[in-house]
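*Asks:* Under my numbering, the final residue of the sequence shown carries the number 357; numbering is consecutive throughout.
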Amino acid sequence: MPIIPGILWREDYLRQGLNISINWDTEVAPMGCCFGTTGSGKTYALKLLCGKLVKYGNAKLTVCDGKGGGDFDFLKGCDRYAAIDVTAVFDEFYNSFLARQRGEDESQDMRVLLFDEWSAYLDGLDENDWNHQALKKGVHAFIGKLTNGEVSTVQTGPWNKKAWGCGPGKKGSCNSGWIQFEMCEDGLDDPDYFQKVYREAVELTAYLCKIHGLDPRGTVNFCGVKTPVILCHQDSYRIGLGGNHGDVYIWFNQYGKTMDDVRNDVAALLEGTGEDKEEDGMTKAEVLQIIKEYEAQRDAARAQAGPSDWSKAARAWAESNGIISGTGAGMQYKATCTREQVVQLLYRAAHLLERK
Numbered sequence: 002m003p004i005i006p007g008i009l010w011r012e013d014y015l016r017q018g019l020n021i022s023i024n025w026d027t028e029v030a031p032m033g034c035c036f037g038t039t040g041s042g043k044t045y046a047l048k049l050l051c052g053k054l055v056k057y058g059n060a061k062l063t064v065c066d067g068k069g070g071g072d073f074d075f076l077k078g079c080d081r082y083a084a085i086d087v088t089a090v091f092d093e094f095y096n097s098f099l100a101r102q103r104g105e106d107e108s109q110d111m112r113v114l115l116f117d118e119w120s121a122y123l124d125g126l127d128e129n130d131w132n133h134q135a136l137k138k139g140v141h142a143f144i145g146k147l148t149n150g151e152v153s154t155v156q157t158g159p160w161n162k163k164a165w166g167c168g169p170g171k172k173g174s175c176n177s178g179w180i181q182f183e184m185c186e187d188g189l190d191d192p193d194y195f196q197k198v199y200r201e202a203v204e205l206t207a208y209l210c211k212i213h214g215l216d217p218r219g220t221v222n223f224c225g226v227k228t229p230v231i232l233c234h235q236d237s238y239r240i241g242l243g244g245n246h247g248d249v250y251i252w253f254n255q256y257g258k259t260m261d262d263v264r265n266d267v268a269a270l271l272e273g274t275g276e277d278k279e280e281d282g283m284t285k286a287e288v289l290q291i292i293k294e295y296e297a298q299r300d301a302a303r304a305q306a307g308p309s310d311w312s313k314a315a316r317a318w319a320e321s322n323g324i325i326s327g328t329g330a331g332m333q334y335k336a337t338c339t340r341e342q343v344v345q346l347l348y349r350a351a352h353l354l355e356r357k
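1. Going by DSSP, what residue range makes up the alpha helix (DSSP H) through T88?
2. Taking C-alpha atoms, which residue in F116, C175, F182 and S326 lies nearest to F145?
3. If you draw a straight line from the C-alpha of H341 to the C-alpha of D106, how long is it?
4. Here's a check: name, in chain order, each residue in its chain whose Cβ is nearer than 8 Å to the Cβ of L353, leaving out the five neighbours to either side.
5. How is I291 classed by DSSP in three states: helix, strand or coil?
6. Would you identify the three-state DSSP class for Y250, choosing helix, strand or coil?
7. Between I23, V140, V155 and I85, which has its C-alpha nearest R303's C-alpha?
8. Quick one: what does DSSP say G145 is sitting in, helix, strand or coil?
9. Out of curiosity, what's the CA-to-CA distance linking R101 and Y95?
10. Taking the continuous alpha helix (DSSP H) assigned at S174, which residues delimit it?
11. Once the 5 residues before and after M32 are set aside, which same chain residues still bring their CB inside 6 Å of it?
12. Take Q255 and list the residues in its own chain whose beta-carbon comes closer than 7 Å to its own, dropping the five residues that flank it on each side.
13. Using the beta-carbon count (16 or more within 10 Å), is Q235 buried or exposed?
14. Pop quiz: N177 and C167 are said to be a contact at Cβ under 8 Å. What is the actual Cβ separation, rounded to whole angstroms?
15. According to DSSP, simplified to helix, strand and coil, what is Y199?
16. In the DSSP assignment, what residue or residues form a beta bridge with E183?
17. Could you round the C-beta distance between S153 and E201 to whole angstroms and report it? I think they count as a contact, below 8 Å.
18. Can you name the start and end residues of the beta strand (DSSP E) that V226 belongs to?
19. Is the beta carbon of G331 within less than 8 Å of some heavy atom of the ligand MN?
20. For a quick check, are the C-beta atoms of V64 and C79 less than 9 Å apart?
21. Looking at C-alpha atoms only, which residue of Q333, K313, A301 and Y348 is the closest neighbour of T148?
22. Exposed or buried, which one is R356 when buried takes at least 16 other CB atoms within 10 Å?
23. Mark W318 as exposed unless 16 or more other C-beta atoms lie within 10 angstroms of its C-beta, in which case mark it buried.
24. Using 10 angstroms around the beta-carbon of V239, count the other beta-carbons present and answer buried if the total reaches 16, otherwise exposed.
25. Along the chain, where does the beta strand (DSSP E) containing K335 start, and where does it finish?
26. K172 and L242 look like a contact to me (Cβ under 8 Å); what is the Cβ gap, rounded to whole Å?
27. Tell me the DSSP secondary structure of I212 in three-state form.
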């Protein structure tokens with residue numbers, strides 16, 4: 002039923018003593034915004050709206066109370082309700098929306114998201130925490146300090162998947178075609194930390210150039226623009242292939258570094274003439290050792306990371322049914338999974354279904 006009858010009373014008619022309501026055609030206007038001053042009746046109107054949606058539209062309602070003022074406490078205990086810490090419930094709704102967009106979910110029931118105090122929710126997000134779908138950005142990896150104090154790289158996505166870290170420019174976007182990683186800044190006042198992050202960035206870039214056969218000092222023609230193989234966010238903006246953002250020069254300028262330094266240091270590392278390499282160059286065994294050490298650091302960082310909230314229900318089910326039991330180092334939900342392990346998980350799940 003696309004049209005929900007009598008969704009709210011019309012205020013202008015009520016002032017004249019006329020009880021005339023309005024209808025809502027959700028196919029024409031699927032989104033709405035309720036705003037007004039404190040005490041004007043916004044919460045009451047939203048509760049009435051929700052009731053009509055459930056009654057007449059048979060809607061499956063998700064309620065996110067971004068401020069947690071108590072107005073929706075009567076929904077406590079419901080699966081699709083959360084207050085203040087609403088990220089998991091919000092992500093669940095968003096994922097169901099994406100499933101329909103991709104054709105993975107062909108159901109036709111109405112699903113409605115009511116987000117009370119959206120601005121309060123956004124204000125409460127940590128700007129340095131990218132683990133929120135509402136932020137709409139992401140990179141392939143982060144370089145920064147782990148909980149044990151070591152500087153390392155954490156890969157957050159496959160190298161061959163498109164990132165969204167630099168935004169669009171006037172001529173296109175380096176999001177299409179460039180591997181992107183974030184160098185996590187401190188207060189811009191610790192030269193030792195900067196040198197460690199810089200060195201890690203150079204080694205990661207050398208590794209990526211090695212496995213993909215890239216020339217660190219080279220250029221390519223992209224969207225009609227001569228584009229360096231290695232560039233930063235500000236570089237992409239200057240040539241019309243990214244949004245305006247100061248990185249990495251905000252940090253580099255503090256220590257006299259440039260992107261040409263990065264390209265030259267990456268090239269020197271690949272050529273075996275870097276600051277800690279022997280004069281006769283790198284052997285194949287040395288290159289493989291670098292890759293091995295990098296992958297070990299990556300796997301160790303993943304093992305330390307805790308699971309995300311969106312998988313809480315699935316994890317609880319898998320653990321309670323013996324699908325997954327962890328290792329001597331714990332559950333390690335962020336660790337990589339071999340084909341052998343995948344087959345074992347499927348084998349356990351199949352036996353569980355047989356017993357039922």
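Heads up, the beta-carbon is just placed ideally off N, CA and C, and yes, glycines get one too.
From a predicted model like this one, the values you see are computed outputs, not experimental measurements.
*Replies:* Based on what the coordinates show:
1. Here residue 88 corresponds to residue number 87 of the sequence shown, with the count starting at 1. Run containing T88: T88 to Q102, per the alpha helix (DSSP H) assignment.
2. One-based indexing of the sequence shown puts residue 145 at position 144. Phe is not the amino acid found at residue 145; the sequence shown has Gly there. Considering only alpha carbons, the answer is F182.
3. Within the sequence shown, residue 341 is the residue found at index 340, counting from 1. Within the sequence shown, residue 106 is the residue found at index 105, counting from 1. According to the sequence provided, residue 341 is Glu. The question's His does not apply to it. Going by C-alpha positions, E341 is about 30 Å away from D106.
4. Numbered from 1 along the sequence shown, position 352 holds the residue referred to as residue 353. Cβ neighbours of L353 beyond the five flanking positions: N322, G323 and I324.
5. As a position in the sequence shown, residue 291 is number 290, starting the count at 1. Here I291 sits in helix by DSSP.
6. In the sequence shown, counting from the first residue as 1, residue 250 sits at position 249. Helix.
7. Here the question's residue 303 lines up with position 302 in the sequence shown. If we check each option's Cα against that of R303, V155 comes out closest.
8. Walking along the sequence shown from the start, residue 145 turns up at place 144. In the structure shown, G145 sits in a strand (DSSP, three-state: E or B).
9. Here residue 101 refers to the residue found at position 100 of the sequence shown. Here residue 95 refers to the residue found at position 94 of the sequence shown. Cα to Cα, R101 sits roughly 10 Å from Y95.
10. In the sequence shown, residue 174 corresponds to position 173, counting from 1. First-last for S174: undefined, no H or E at that position.
11. Here residue 32 is taken as the residue at index 31 of the sequence shown, counted from 1. Nothing listed; no residue qualifies.
12. As a working note, residue 255 is residue 254 in the sequence shown. Within the same chain, Q255 has close Cβ partners L189.
13. Along the sequence shown, one-based indexing puts residue 235 at 234. With 16 or more neighbouring CB atoms inside 10 Å of its own CB, Q235 falls in the buried class.
14. Sequence index remark: in the sequence shown, residue 177 carries index 176 (1-based). Sequence index remark: in the sequence shown, residue 167 carries index 166 (1-based). Correcting the residue type first, residue 177 is Ser in the shown sequence and not Asn. S177 to C167, Cβ: 10 Å. No contact.
15. Taking the first residue of the sequence shown as 1, we reach residue 199 at position 198. Y199: helix per DSSP, three-state reduction.
16. Working through the sequence shown from its first residue, we reach residue 183 at position 182. For E183, the beta-bridge partners assigned by DSSP are F143.
17. Position 152 of the sequence shown, counting from 1, holds the residue named residue 153. Position 200 of the sequence shown, counting from 1, holds the residue named residue 201. With a Cβ gap of about 7 Å, S153 and E201 count as contacting.
18. Mapped onto the sequence shown, residue 226 falls at position 225. V226 to P229 is the extent of the beta strand (DSSP E) around V226.
19. You won't find the ligand MN in this model; it holds no ligand whatsoever.
20. Position 63 of the sequence shown, counting from 1, holds the residue named residue 64. Position 78 of the sequence shown, counting from 1, holds the residue named residue 79. Yes, they are a contact pair.
21. One-based indexing of the sequence shown puts residue 148 at position 147. The option with the nearest alpha carbon to T148 is A301.
22. For the purposes of this step, residue 356 is identified with residue 355 of the sequence shown, where counting begins at 1. Exposed is the label assigned to R356, since fewer than 16 other Cβ atoms lie within 10 Å of its Cβ.
23. As a working note, residue 318 is residue 317 in the sequence shown. W318 is classed as exposed because its beta carbon has fewer than 16 other beta carbons within 10 Å across all chains shown.
24. In the sequence shown, the residue the question calls residue 239 occupies position 238. Sequence inspection shows Arg at residue 239; the Val mentioned does not correspond to that position. Exposed is the call here.
25. Position 334 of the sequence shown, counted from the start, is the residue given in the question as residue 335. From DSSP, K335 is part of no beta strand (DSSP E); its letter is neither H nor E.
26. One-based indexing of the sequence shown puts residue 172 at position 171. One-based indexing of the sequence shown puts residue 242 at position 241. Separation of the CB atoms of K172 and L242 is rounded to 6 Å, and the pair is thereby assigned contact status at 8 Å.
27. Position 211 of the sequence shown, counting from 1, holds the residue named residue 212. Three-state result, I212: helix.
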